[in-house]
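S.K.: Before I ask anything, here is the structure I am working with.
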Amino acid sequence: QFLDGFAQALQNCDLLLLAPVYSAGEQPLHGICSNALAERVRSLKPDLEIAVADSLDELTDLVIQHSRENDLVLAMGAGDVNGLWSRLTT
Numbered sequence: 018q019f020l021d022g023f024a025q026a027l028q029n030c031d032l033l034l035l036a037p038v039y040s041a042g043e044q045p046l047h048g049i050c051s052n053a054l055a056e057r058v059r060s061l062k063p064d065l066e067i068a069v070a071d072s073l074d075e076l077t078d079l080v081i082q083h084s085r086e087n088d089l090v091l092a093m094g095a096g097d098v099n100g101l102w103s104r105l106t107t
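If you're matching positions, the sequence shown starts at 18 in the numbering used here and goes up one per residue.
Following this line, the structure appears as structure tokens:
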């Protein structure tokens, strides 16, 4: 259900850059990962450009590579993903 709901919402973006999914101190759930989410979104919108980052450093590089002036960059998540903004402004 998590993957389906997020995939429905994310299919409406112009470009999707996904960070790694980390558990919040509990055991990771089988099948819940960025690649699985990317596949769900692709099944809904096959022509959407999607990149899955292996780290926050890679995500930062992808945002820099793909974003242009006046683009809206939306980052959602908990924990380390909040560090994206400080990396982009240095």
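Glycine included, every Cβ here is placed at the ideal spot set by N, Cα and C.
On the criterion of 16 or more Cβ atoms from any shown chain inside 10 Å, does Leu33 qualify as buried, or is it exposed?
M.R.: Buried, since its Cβ has 16 or more Cβ neighbours within 10 Å.
S.K.: Please go through the same chain and pick out, in chain order, the residues whose beta-carbon is closer than 8 angstroms to the beta-carbon of Leu54, but skip the five residues on each side of it.
M.R.: Closer than 8 angstroms at the Cβ level, and outside the excluded window around Leu54, lie Leu20, Phe23, Ala24, Leu27, Leu35, Val38.
S.K.: Given a cut-off of 9 angstroms, decide if Leu65 and Arg57 are closer than it, judged by their beta-carbon atoms.
M.R.: No; because the gap between Cβ atoms is not below 9 angstroms, this pair is not in contact.
S.K.: State the start and end residues of the unbroken beta strand (DSSP E) segment that holds Leu27.
M.R.: Careful: Leu27 lies outside any beta strand (DSSP E), inside the alpha helix (DSSP H) at 19 to 27.
S.K.: Report the option in His83, Ala95, Glu75 whose CA atom is closest to the CA atom of Arg104.
M.R.: Considering only alpha carbons, the answer is Glu75.
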